[in-house]
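Residues 0 to 341 (numbering that gives the first Met the number 0) are what the sequence shown spells out, left to right.
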Amino acid sequence: MFRADLADLPAYVPGKVLPDAVKLSSNEVAHPPLAAAREAMAEAAQGVNRYPDMGAVQLRTALAEHLELNPEQVAVGNGSSALCQQLVQIAAGPGDEVLFPWRSFEAYPIFARVVGATPVAVPLTEDGRHDSAAMADAITERTRVIFLCSPNNPSGAAITRQEFADFMARVPENVLVGLDEAYIEYHRTEDTPLAPEEIAHYPNLVGLRTFSKAYGLAGVRVGYAFGQPEVIAALNKVAIPFAVSSVAQAGALASLAAADELLERTEIVVADRDRVADAVGARHSQANFIWLPTAHAAPVAESLMAEGVLARAFPEGLRVTVTTPEENDVFLAAWEKLQPRL
Ligand SMILES: Cc1ncc(COP(=O)(O)O)c(C=O)c1O
């Protein structure tokens, strides 16, 4: 019944959920959505007998203002995951290649496989950075889409401006580059390319952001992509109709209007993440998680789970979300008790 290549499609593994455990496995925020967002969503819920605004005009207009772009340069989607997948759908098919750093967001290879394209994973450097020279070397005539992830999930390292410029200089103009900035609201060093500015220099560049992380709206699923109007129009062509619910549109709109409160919340994470990293010997991170490279992440995650802390194990390491000082202390207490050998 199924496509022959479907067997190669890896399943997306979500972060574990366990009642009463401290969930540090999906890079969510500990706080509920901002009060204004909760109210707006409750109100929007009253009208869900109607379809949402398919063009998401109000939200796209507000996002365009926020990014200093035009509304035709912004698309919204069912989480930025959907937009990443759409980016692959508009450019790649069987026999084509989709290039990305690895380890990175685990859905990139899945999105490549969905369209029958070949995922090409380029290992990060030892210190968790994009190996931009190796990535540029890996571009072939078949490369159709490239993902960059800054700050990178799960290593927490951001790309520098120089690395980005050197890399883009080697990308052919007809290859789409998705700069995935899912964690950009947590980034604090000056030296990183910002997609809203960079898209003016590179017509093949698309920025990808989300309301799931810093904005605390992971459950309603809304993300956005921005770039040149032709690319945005192409992304919208392959979108599922009405993919962003009216509740999600209302929540995102209200959250955008509460920028100060949002900054306050991200500051709570930023202020504590170096303390957490230092306590467990991890590198400092530009995102809301820390990364411990190890081949023994699975048993460590199991032991942490027995202590009521859910972390995320990958074959290459352990990722732990940084949230409030209280939750971070629960993790650190469990860590100290276990004294894991990595
Ligand atoms: C790097 C990166 N990009 C994109 C996403 C997708 O987020 P969402 O689909 O919730 O917007 C995630 C979520 O974990 C992520 O880590």
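Idealized CB from N, CA, C, for every residue including glycine. All of these numbers come straight from a predicted model, not from anything done at the bench.
For A74, the first and last residue of its enclosing beta strand (DSSP E): Walking along the sequence shown from the start, residue 74 turns up at place 75. First-last of the beta strand (DSSP E) with A74: 73-76.
L261 - DSSP class collapsed to helix/strand/coil: Mapped onto the sequence shown, residue 261 falls at position 262. In this structure, L261 counts as helix in the three-state DSSP scheme.
Check: N287 C-beta below 6 angstroms from any heavy atom of ligand 2: What this structure holds is ligand 1, not ligand 2.
T209 beta carbon near ligand 1 (any heavy atom closer than 6 angstroms): Indexing the sequence shown from 1 puts residue 209 at position 210. T209 Cβ: within cutoff of ligand 1.
CB of G222 within 7 angstroms of CB of P32, strictly: By 1-based counting over the sequence shown, the position of residue 222 is 223. By 1-based counting over the sequence shown, the position of residue 32 is 33. In terms of Cβ geometry, G222 and P32 do not form a close pair [threshold 7 angstroms].
Residue span of the alpha helix (DSSP H) that contains L178, given as start and end: Here residue 178 refers to the residue found at position 179 of the sequence shown. First-last for L178: 175-179, but that is the beta strand (DSSP E), not the alpha helix (DSSP H).
Residues bridged to P122 (per DSSP): Numbered from 1 along the sequence shown, position 123 holds the residue referred to as residue 122. DSSP output for P122 lists W101 as bridge partner(s).
Cβ-Cβ distance between M40 and V246 below 7 angstroms: For the purposes of this step, residue 40 is taken as residue 41 along the sequence shown, with counting starting at 1. For the purposes of this step, residue 246 is taken as residue 247 along the sequence shown, with counting starting at 1. Inclusion of M40 and V246 in the CB contact set at 7 angstroms is warranted, their separation being smaller than that value.
Contacting residues, own chain, Cβ-Cβ under 6 angstroms from K22 (five flanking each side not counted): Looking up residue 22 in the sequence shown gives position 23. Within its own chain, the residues whose Cβ lies closer than 6 angstroms to the Cβ of K22, once the five positions on either side in sequence are excluded, are L309, listed in chain order.
Contact under 7 angstroms by Cβ, L8 with R112: Translated into positions along the sequence shown, residue 8 becomes position 9. Translated into positions along the sequence shown, residue 112 becomes position 113. In contact: L8 and R112 (Cβ atoms closer than 7 angstroms).
Coil, strand or helix - E169 by DSSP: The sequence position of residue 169 within the sequence shown is 170, counting from 1. Residue identity check: residue 169 is Arg in the sequence provided, not Glu. R169 falls in the coil class under three-state DSSP.
Which of helix, strand or coil DSSP assigns to R318: Along the sequence shown, read from residue 1 onward, the residue named residue 318 stands at position 319. Reduced to three states, the DSSP call for R318 is strand.
C-beta atoms of C148 and F110 nearer than 7 angstroms: As a position in the sequence shown, residue 148 is number 149, starting the count at 1. As a position in the sequence shown, residue 110 is number 111, starting the count at 1. Contact flag unset, no.
Beta-ladder partner(s) of A224, from DSSP: In the sequence shown, residue 224 corresponds to position 225, counting from 1. Here A224 is bridged, per DSSP, to A74, L207.
Opening and closing residue of the alpha helix (DSSP H) in which T191 lies: As a working note, residue 191 is residue 192 in the sequence shown. No alpha helix (DSSP H) contains T191, which DSSP labels as neither H nor E.
Cα-Cα separation between D19 and S131, rounded to whole angstroms: Mapped onto the sequence shown, residue 19 falls at position 20. Mapped onto the sequence shown, residue 131 falls at position 132. Separation of D19 and S131 (C-alpha to C-alpha, rounded to the nearest whole angstrom) is 41 angstroms.
C-beta contact flag for V119 and E96 at 7 angstroms: Your numbering for residue 119 matches position 120 in the sequence shown. Your numbering for residue 96 matches position 97 in the sequence shown. Yes, they are a contact pair.
Beta-carbon proximity list for R160, same chain, < 6 angstroms, skipping 5 on both sides: Residue numbering aside, residue 160 sits at position 161 when the sequence shown is read from its first letter. Counting only residues of its own chain and dropping the five nearest sequence neighbours on each side, R160 has a CB closer than 6 angstroms to the CB of D190, P192.
Reference T124; option with closest CA among W101, V73, R143: As a working mapping, residue 124 is identified with position 125 in the sequence shown. Between T124 and the set W101, V73, R143, the nearest pair of CA atoms involves W101.
Selection from A81, L255, S154, L86 that minimises the alpha carbon distance to L317: Translated into the one-based positions of the sequence shown, residue 317 becomes position 318. Measuring from the Cα of L317, the nearest candidate turns out to be S154.
Those residues which DSSP pairs with A312 across a bridge: Walking along the sequence shown from the start, residue 312 turns up at place 313. In DSSP, A312 forms a bridge with L317.
Burial state of V321, where buried means 16 or more other Cβ atoms lie within 10 Å: Sequence index remark: in the sequence shown, residue 321 carries index 322 (1-based). Its Cβ being crowded by 16 or more others within 10 Å, V321 is buried.
7 angstroms Cβ cutoff met for G206 and L252: Here residue 206 refers to the residue found at position 207 of the sequence shown. Here residue 252 refers to the residue found at position 253 of the sequence shown. In this structure, L252 does not lie closer than 7 angstroms to G206 by Cβ.
Residue(s) in a DSSP beta bridge with C148: For the purposes of this step, residue 148 is identified with residue 149 of the sequence shown, where counting begins at 1. Note: C148 is bridge-paired with D179 in the DSSP secondary-structure output.
For I267, three-class secondary structure by DSSP: Within the sequence shown, numbered from 1, the residue matching residue 267 stands at position 268. Three-state DSSP puts I267 in a helix.
Nearest-angstrom beta carbon gap, A270 and I289 [assumed within contact, 8 angstroms]: Position 290 of the sequence shown, counted from the first residue, corresponds to residue 289. Position 271 of the sequence shown, counted from the first residue, corresponds to residue 270. Beta-carbon to beta-carbon, I289 and A270 are separated by about 14 angstroms, too far to satisfy the 8 angstroms threshold.
Cutoff 7 angstroms: T191 Cβ touching any chain B Cβ: Going by chain labels, chain B is absent from the structure shown, which holds only one protein chain.
Any 3 or more C-beta pairs closer than 8 angstroms across the stretch 231-245 and the stretch 75-95: Segments in contact, yes.
Selection from E162, P150, N173, G127 that minimises the alpha carbon distance to T139: Along the sequence shown, one-based indexing puts residue 139 at 140. Ranking E162, P150, N173, G127 by CA distance to the CA of T139 puts N173 first.
Any non-hydrogen atom of ligand 1 within 6 angstroms of G78 CB: The residue labelled residue 78 in the question sits at position 79 within the sequence shown. The nearest non-hydrogen atom of ligand 1 is less than 6 angstroms from the C-beta of G78.
Alpha-carbon to alpha-carbon, W334 and A305: The count along the sequence shown starts at 1 and reaches residue 305 at position 306. The count along the sequence shown starts at 1 and reaches residue 334 at position 335. Approximately 11 angstroms, taken between the alpha carbons.
Within 7 angstroms, strictly: CB atoms of P70 and A63: For the purposes of this step, residue 70 is taken as residue 71 along the sequence shown, with counting starting at 1. For the purposes of this step, residue 63 is taken as residue 64 along the sequence shown, with counting starting at 1. In this structure, A63 lies closer than 7 angstroms to P70 by Cβ.
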